[in-house]
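The numbering used here numbers the first residue of the sequence shown as 62 and each following residue consecutively.
To start, the structure itself, in structure tokens.
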Amino acid sequence: MAAAPQPHEIPAPPPIRQLHHYAYRARDAEETRHFYEDILGLPLYHIIQSDHVPSTGEYCPYTHFFFRLQDGSFIAFFDLGDDVKCEPSPNTPIWVNHISFRVDSMQALLDMKARLQAHGVEVLGVTDHHIFHSIYFFDPNGIRLELTAQLADEFQMLQESRTAHARLQEWTARKEQWRRDRAAGKAAEPLKPQRNDRPEVGARQ
């Protein structure tokens, strides 16, 4: 058995420049194209079709199609030819798994909300997240999408980043204690965060 590499022998991580694509299952390629290209304005840019999966070699006919965002990244889909859409995770609230796209301004956010509603899409929001505002909606495949208008500037985000590690370490320490308590039969409820950044939301209930 080969010896494990020493830390100095492991290459440093190369820079990851941007998201290339995020892929989901689509019920129908044309239905999905209409939503993302005709309504959201993301151009259909690339298609890959095959009957075998390159990474695994398994037989599974598919059409893989990509829509391009302004920064050159993509959101992509697989139509497996069976008219079945992806199912939500059975153990995860429906609002958790989503993808968020950024728009340039609050006016752009409001314009897109109006556009979606004109096409019969139900929209939640505008929601105030303090550093950005968002709207939420579902695509034809049941995928939750968010459009975001950033409010905080680069300096404010830099300030936020300086406390992120400390806050996560505090959460991790508390979670380790929660796990010990649960193993001892003491913890019944899910762990709550040590700080509530959005107390006004709970106050509305």
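Just so you know, even glycine gets a beta-carbon here, dropped at the ideal spot from N, CA and C.
Please read all numbers here as calculations on a predicted model, not as lab measurements.
- Task: Determine the closest residue to F162 out of V187, A87, A210, with distance taken between C-alpha atoms.
- Result: A210
- Item | For F127, the nearest candidate out of H113, F198, R86, A249 (CA to CA) | R86
- Item | Spatial neighbours of R205 in its chain, beta-carbon cut-off 6 Å, leaving aside the 5 residues before and after | H159, F199
- Task: Enumerate in chain order the residues of its own chain whose CB-to-CB distance from L252 is below 7 Å, with the five nearest sequence positions on each side excluded.
- Result: R235, K236, W239
- So who's on the other strand from Y120, going by DSSP bridges? H113
- Message: Need the endpoints of the alpha helix (DSSP H) that G186 sits in, please.
- Response: It is not in any alpha helix (DSSP H) - G186 instead sits in the beta strand (DSSP E) that spans 185 to 189.
- Pick from L219, P201, D99, D172 that is closest to S195, judged by C-alpha positions: D172
- By how many angstroms is the C-alpha of T233 removed from the C-alpha of P260? 22 Å
- Query: Quick one, which of D140, Y120, A65, G102 has its alpha-carbon nearest E91's?
  - Reply: D140
- Message: If the criterion is Cβ atoms closer than 9 Å, does the pair H81 and F138 meet it?
- Response: no
- Message: Cutting at 8 Å between CB atoms, please list the residues of its own chain near R176, excluding the five before and the five after it.
- Response: I100
- Message: For F193, tell me which candidate among L185, V145, E183, L170 has the shortest Cα-Cα distance.
- Response: L170
- Query: Hey, which unbroken runs of the beta strand (DSSP E) at 3 residues or more fall wholly within the region 143 to 229?
  - Reply: 159 to 164, 185 to 189, 193 to 199, 205 to 211
- Task: Determine contact between the region 178 to 187 and the region 215 to 231, defined as no fewer than three beta-carbon pairs at a distance below 8 Å.
- Result: no
- Query: Going by beta carbon distance, what residues of the same chain come within less than 8 Å of R88, once the five residues before and after it are set aside?
  - Reply: D140, D144, V145, K146, P201, N202
- Task: Could you please give me the residues that DSSP links to H280 through a beta bridge?
- Result: Outside the shown range of the chain, which is 62 to 266, sits residue 280, and nothing can be said about it.
- Limits of the beta strand (DSSP E) - the one that D78 falls within: For clarity, residue 78 is Arg in the given sequence; the question names Asp instead. That residue, R78, is in no beta strand (DSSP E); it is neither H nor E in DSSP.
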